[in-house]
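Numbered per the numbering used here, the sequence shown spans residues 9 to 434. I have placed the structure first, in the form of structure tokens, so that the comments after it can refer back to it.
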Amino acid sequence: MTNPDVIVVGGGIGGLGAAFSLTRQGLNVRLLESAPAFGEVGAGIQLAPNCTRILDDYGLLEEAKSLGVVPDSMVMRDAVDGGELSRLDLRDLEKRYGYPYMVIHRSDLHGLLLRACERAGVELVTDSRVTSYENADGGTRVTLAAGEVHEAGLVIAADGLHSVARKLLVDDQPVSSAYVAYRGTVPAGTPRVHGIDLSEVVVYVGPRCHFVHYGLRGGELLNQVAVFESPKALAGQEDWGTPDELDNAFADTCGFVQDGLPFMWREKWWRMFDREPVMNWVHGRIALLGDSAHPPLQYIAQGAIMAIEDGWVLGEHVARNRAEDGTVDWSAALAAYEAVRPEHCRRVLTTSRKWGELWHLDGVAREQRNVLLRARDTYDYAFVDWLYGPTALTPDEEPPMFTPIPLSSARVDEPESPALVGGHSQ
């Protein structure tokens, strides 16, 4: 067995994206997936312009658009009364950033990247669970649960939330948000879908809960996501996020939201975890990527996007640090990768937490939030420019963050307040 230039551990969206990115730079890449077959669990995923820009660079955007939906608008509503709070014109947004905002089934995006890797010649190996990583002279090695050893010049650990490789860098654990997500898709011909504009991405924000819906697969499906805070989780119980909690969490929401709950998959739910941001992702010739480095809460819909960005940035720095004979200065490439990606992802992780808090307010704070959101102009991009522009390759290219507006600036008895609040939908 000839040693590859790079081993990628993990066959999810981040691992496949990294494998493709490095292969297109002329490297031989072996991808090790622990499962017996490649696949992705879940439903819809949102891809903002900072991701569709990369898909276009990869030559994959048109295929992605054929599998997904390019919506017209993103709308935020109050989950209690159903009233509109804020809106983004996604067609105008595309003009601003040069690339579309789109939604796609997670398995369709995964399949697209898998096919791209197959065409590019990535060596795809299943049933290969990596249990240890170590640096070796001039490279790295990983050991599988079965005892088999693989060696390469570089190892990319895209091994997810419960990363084995992360332990080489930091001794931490996933952080539970006490929130849980239920998902479900509804065929377009179902009465539930009648009257719903599938060209809109809509989020209903409510006290300790929210509800999202948008179209998938060219409008053939309605994707729904219901997220809520679990009292059982807060009480320290092991069995949390159960269907009875789902129904109770949305008991005081508007009829439209409650009518969607029977269509959720009730046999499976996703507990929501992230981790504290870390700024060190590289250990010798072992580098973290995707959720192993920066698992976020999903409130600004950047989890898979960050993983795709990671792979693209690393590929670009490989190109910048490759000699004429094809050898890569891995120390320089990894230093450049680590100089820019951790800070960007730290911003996303911390903003995701804050935006989740904003969505789930109750009482006077909820009213203040609503005043601020209603005052926002549809074409104000001050709060997304830091996120949707071109992916930075160097720290100086990273745009400045938005300036938060405190809730206390809103007067709930003055609904026409000019104050603005930043953020973005799931």
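For glycine and all other residues, C-beta sits at the position ideal for the given N, C-alpha and C. This structure is a prediction, so every number in the text was calculated from the model and none was measured.
- Just so you know, the alpha carbons of residue 76 and residue 144 end up roughly 43 Å apart.
- Between residue 347 and residue 403, the gap from beta carbon to beta carbon is short of 8 Å.
- Comparing alpha carbon positions, the residue from 110, 93 and 255 closest to residue 224 is 110.
- Annotated three-state conformation of residue 181 is coil, per DSSP.
- Taking each of 388, 421, 415 and 405 in turn and checking the Cα distance to residue 104, the smallest one comes out for 388.
- Remark: C-beta atoms of residue 320 and residue 62 approach each other more closely than 8 Å.
- In the three-state reduction of the DSSP assignment, residue 52 falls in the strand class, which pools E and B.
- A straight-line Cα-Cα distance of about 25 Å links residue 52 and residue 134.
- Following the DSSP letters along the chain, one finds residue 143 inside the beta strand (DSSP E) bounded by residues 138–144.
- Taking a contact to require three or more Cβ pairs closer than 8 Å, the region 211–225 and the region 84–95 qualify as touching.
- In the DSSP assignment, the residues bridged to residue 278 are 189.
- Between residue 81 and residue 98 the beta-carbon gap is near 6 Å, inside 8 Å, which marks them as a contact.
- With a beta-carbon spacing of about 7 Å, residue 162 and residue 148 fall inside the 8 Å limit used to define contacts.
- The beta carbons of residue 253 and residue 281 sit no closer together than 8 Å.
- Within the DSSP secondary-structure output, residue 159 pairs in a beta bridge with 149.
- Shortest Cα-Cα distance from residue 358 to any of 304, 210, 256 and 421 involves 304.
- C-alpha of residue 118 to C-alpha of residue 46: approximately 9 Å in a straight line.
- Between the region 200–210 and the region 311–319 there are fewer than three inter-stretch CB-CB distances shorter than 8 Å, so the stretches are not counted as touching.
- Residue 132 and residue 41 have their alpha carbons spaced roughly 8 Å apart.
- Between residue 175 and residue 122, the alpha-carbon positions lie close to 28 Å from each other.
- Sixteen is the threshold: since fewer than 16 other Cβ atoms of the shown chains lie within 10 Å of the Cβ of residue 198, the residue is exposed.
- Put simply, of 335, 120 and 179 the residue whose alpha carbon is nearest the alpha carbon of residue 72 is 120.
- Residue 381 and residue 101 do not touch by the CB rule: their CB atoms are close to 17 Å apart, not below 8 Å.
- When the alpha-carbon of residue 38 is set against those of 27, 44, 287 and 32, the nearest one is in 27.
- With the rule of 3 Cβ pairs closer than 8 Å, the region 230–250 counts as touching the region 175–191.
- In this structure, the straight-line span from the alpha carbon of residue 206 to that of residue 268 is close to 15 Å.
- Of the other Cβ atoms in all chains shown, 16 or more fall within 10 Å of the Cβ of residue 272; this residue is therefore buried.
- Scanning the region 99–136 from its first residue to its last, the whole alpha helix (DSSP H) runs of 4-plus residues come out as 114–128.
- In chain order, 66, 128 and 323 place their CB closer than 8 Å to the CB of residue 32, counting only its own chain and leaving out the 5 sequence neighbours on each side.
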